[in-house]
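Enquirer: Numbering (the numbering used here), first residue to last: 19 to 339.
We put the CB at the ideal spot given by N, CA and C, even for glycine.
Given the structure is predicted, the values throughout are model-derived calculations rather than measurements.
1. Can you list, in chain order, the residues of its chain whose CB lies under 7 Å from that of residue 169, leaving out five sequence neighbours each side?
2. Using only CA atoms, which one of 172, 185, 65, 300 lies nearest to residue 275?
3. Between the beta-carbon of residue 309 and the beta-carbon of residue 296, is there less than 8 Å?
4. Taking C-alpha atoms, which residue in 163, 232, 311 lies nearest to residue 320?
5. Threshold first: 4 residues or longer. Then list the alpha helix (DSSP H) segments lying entirely within the segment 193–268, N to C.
6. Can you tell which of 303, 159, 64 has the C-alpha that lies nearest to the C-alpha of residue 294?
7. Give the C-beta separation of residue 291 and residue 323 to the nearest angstrom, bearing in mind that I take them to be a contact with Cβ-Cβ under 8 Å.
8. Would you identify the three-state DSSP class for residue 327, choosing helix, strand or coil?
9. Could you tell me the distance, in whole angstroms, from the CA atom of residue 298 to the CA atom of residue 258?
10. Using three-state DSSP, classify residue 278 as helix, strand or coil.
11. What residue range is occupied by the uninterrupted beta strand (DSSP E) comprising residue 157?
12. Can you give the beta carbon distance from residue 233 to residue 334, rounded, assuming they're within the 8 Å contact cut?
13. Hey, residue 174 and residue 224: beta-carbon distance below 8 Å or not?
14. Can you tell me the Cα-Cα spacing of residue 250 and residue 263, whole angstroms?
15. Which same chain residues end up closer than 6 Å to residue 266 when comparing Cβ atoms and leaving out the 5 residues on each side of it in sequence?
16. Give me the residue from 331, 157, 45 with the minimum Cα distance to residue 213.
17. Is the beta carbon of residue 182 less than 8 Å from the beta carbon of residue 304?
18. Is it buried or exposed for residue 207, if we count other Cβ within 10 angstroms and need 16 for buried?
19. Which whole-angstrom value is the C-beta distance of residue 289 and residue 199, which I expect to be below 8 Å?
20. What's the gap between the Cα of residue 202 and the Cα of residue 255?
21. So is residue 329 buried or exposed if we call it buried at 16+ other beta carbons inside 10 Å?
22. Relative to the C-alpha of residue 189, which candidate in 68, 332, 307 has its C-alpha closest?
23. Considering Cα atoms alone, identify which of 187, 177, 218 is closest to residue 209.
24. Classify residue 22 as helix, strand or coil using the three-state DSSP reduction.
25. Between the Cα of residue 230 and those of 46, 64, 332, spot the shortest distance and give me the residue it belongs to.
26. Between the beta-carbon of residue 247 and the beta-carbon of residue 228, is there less than 8 Å?
27. By DSSP's criteria, residue 313 is part of a beta bridge. Which residues make up the other side?
28. May I ask which residues mark the beginning and end of the beta strand (DSSP E) holding residue 296?
29. If you follow the beta strand (DSSP E) that residue 188 is in, where does it begin and where does it stop?
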C-alpha cells in the first residue's frame, strides 16, 4: 500500500469501483520491480529485452565505425559493403565540395572559401553535408592506405621522419614501465589529409597526434585551457585591413608545437603507445633506434612505447606550453 501511494494519489479507496486505476498502479509497480530485478541481475532479460539490447549495441557499433572511419585508431572492420546511406552522403559531400572549390576559384580567385550566412530556413541536407566535409576532411591511416595505397604510406612516413628529426619522443621498453604508466599512456593517432588544388588532390599530408582523452580528469580546467584568438577579433582586424588597404602577411611555423621541450618546461613524464602500422612505420624510419623496442601483442600487432619530449598535438597542455 505504501509503495502504491508513492505513485501518487489514487481516486477513492481501494474497495470502490475503480479497477482501471488500481490495475494501472499495480502495472507500474510490477514494471518497477521487473526493472529493478533486471538491473540487479536477479533475473535474466526476456527475449524482447535481449532484442532491444542487441539493437542498441548494433547502433553503437555503427556509430563507432563511422567515427573511426575518419579519426582515431582504426577498428577491426568486416569486409562488408558500405551502407547505401553512407555512400550517398559521401558522394553528395564530394560533389558539393568540388563544385564549391571550382566556383571559389572562378569567382573569387581563391582555392576555397567557407562563408556563414544567417538564414531563417532550416539548413538543407546538401549544405549540412558540405559543412560536415569541411570539418571531417581527413582519413585514418587505414582508410587512406585503402584509398591511395603507397602514396598514403609515404605521407605518413614523412610525418614520422619529422618526429624523429625533431626528437619528439624517445623509445622506452614496456617492461620498464609501471602498470600505471602503461595504463595512462596516450594512444598515437595518424591521420592523412587530402590537400586539394581545385578539384584535384595535390598531395597527401600525414599528421601524427596524441589522443589526449586519457588526460581528462587529471588536470585542472585552467591548466588544460587552450588560449586562442577570438573569431570576432579576427573578423574585425581583417575588416579594418580591407577597408584601409593594409598589407597583410601570413606566416606558418612548421611544427610549432614541436618546438617546446616538455622536460625543460618542467612537465611530468607523458608516455605514448604506437600500435600496428604506425609502429612499423616508425621502425622503418630509424630501425637502428626503434627496432629493439618493438613488441607484439597476442594478435601479432606491433606495439611501441615512447616517452614524449616535445609538446605533441593532441595533449591537453600543448597549447599552453
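Expert: The relevant details are as follows:
1. 222
2. 185
3. no
4. 311
5. 197–202, 249–262
6. 159
7. 5 Å
8. coil
9. 50 Å
10. coil
11. 156–158
12. 5 Å
13. yes
14. 20 Å
15. 259
16. 157
17. yes
18. buried
19. 6 Å
20. 42 Å
21. buried
22. 307
23. 177
24. For residue 22, the predicted structure reports a pLDDT of 38, less than 50, and the residue's modelled location is therefore unreliable. The matter cannot be settled from this model.
25. 332
26. no
27. 321
28. Where residue 296 is concerned, there is no enclosing beta strand (DSSP E), although the alpha helix (DSSP H) it sits in stretches over 294–303.
29. 187–190
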